Amino acid sequence: MGKIECSCDLIELTELCGKDMATRDAYGITLVELGKKNPNIVVLDADLSCSTKTVLFRKNFPERFFNMGVSEQDMIGTAAGLALTGKIPFASTFAIFATGRAWEQVRQTVCYSNANVKIVATHGGITVGEDGATHQALEDVALMRVIPGMTVIVPADAYETSQCIVTISEYYGPVYVRLGRAKVPAVMPLEYKFRIGKSHVFNIGKDVNIIANGLMVSEALKASEILNKEGIHTGVANFSTVKPLDEETLLEIAKKSKLIITVEEHSIIGGLGGAVSEFLAENYPIPLRRIGIKDTFGCSGDWKELLKIYGLTAQNIVEVAKEFFKK
């Protein structure tokens, strides 16, 4: 195991605090800063560098950038080989391709060998929008979470993304980071320090506690504000690391809750909701509701409208909480 604390001297991370931007943009910016400090950082992409924002690294360090073409399986295998020579490879493409098309290579060449490969996939979730169901990865967290040895992270905003990328560059072992296409609200406070396997608790409610990650942290915070005004004491925690799950904090939250709600821009099967419910079922069974994509594919449309269609808004969270207390 390598270091898992973020040594924030590598980049002035606070510059991204409070900025609304796509997490993929924060990734591109941070990669360049890492490249300046560490000559062992190399980047691979599958002909999508303008979309994944690794194009910024390519412009600054062309000799350390490898465009593998539309060949995601080759990209993952090559990344594993580079890792075995002592390089720190970041391999990027859309989440649907990184986890679907290249799943066998991720399992066999990266995780089985414990290769020090960082798979940072963009365009995860329903907010891929107009690209439609074929490009909206709703199963990627589940696919990566099930592989032994894989760490799985879904940052909430640009500030957390930047800290996450720095941290995993210093951590030895396979990592999957899921990023998004759309601009997301800034939610993490200036004093926040990202740590693998540790959640961030905004506050703990006496009635309801919402466990979220990614874009859904901002929706959870909005829902919390509404519910608290209506007399339902509600807390929010950002569980950006899905694996390893912060079980200690989850247990602490559960013991103070009447209801836990998980919220994710992913299928409710196998993702954050699955991880939380599995742990609580064995250790502290309490009422739980999972909000996410319900065993269906996505569709093409404006990403904000899709959040409404698939029930991933603050108002949906509020309705689930209020329905529980009515019963």
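Residue numbers (our numbering): 208 to 534.
Ideal Cβ placement from N, Cα and C applies to all residues, glycine included.
Note that the coordinates shown come from a computational prediction; the quantities given were computed from them, not determined experimentally.
Assigned with DSSP and collapsed to three states, Gly284 falls in helix. Out of Arg265, Gln343, Phe401, the CA that lies nearest to the CA of Gly508 is found in Gln343. For the pair Tyr399 and Met228, the Cα-to-Cα distance works out to about 18 Å. Within the same chain, Ile418, Leu479, Gly480, Val483, Arg497 come within 6 Å of Thr469 by CB-CB distance, once the 5 residues on both sides are set aside. Here DSSP, grouped into helix, strand and coil, assigns Glu471 to strand. Per the C-alpha coordinates, the member of Glu346, Met351, Ser299 positioned closest to Tyr319 is Met351. When the alpha-carbon of Ile475 is set against those of Gly499, Thr292, Ile411, Asp453, the nearest one is in Gly499.
Here Lys511 is exposed: its Cβ has fewer than 16 other Cβ atoms, across all protein chains shown, within 10 Å. Taken through DSSP and simplified to helix, strand or coil, Ala363 comes out as coil. Glu270 sits away from Phe304, with the two beta carbons spaced by 8 Å or more.
Residue pairing for Thr441: DSSP places it in a beta bridge opposite Val415. Check the Cα spacing between Thr334 and each of Lys533, Glu526, Thr520: the tightest is with Thr520. Contact between the region 246-258 and the region 284-299 is present, with at least three C-beta pairs closer than 8 Å. The alpha carbon of Pro355 has as its nearest neighbour, out of Asn321, Asn416, Lys463, the alpha carbon of Asn321.
By the Cβ-count criterion, Lys533 is exposed, with fewer than 16 other Cβ atoms from all chains shown falling within 10 Å of its own Cβ. For Gly235, the enclosing alpha helix (DSSP H) has its first and last residue at 230-244.
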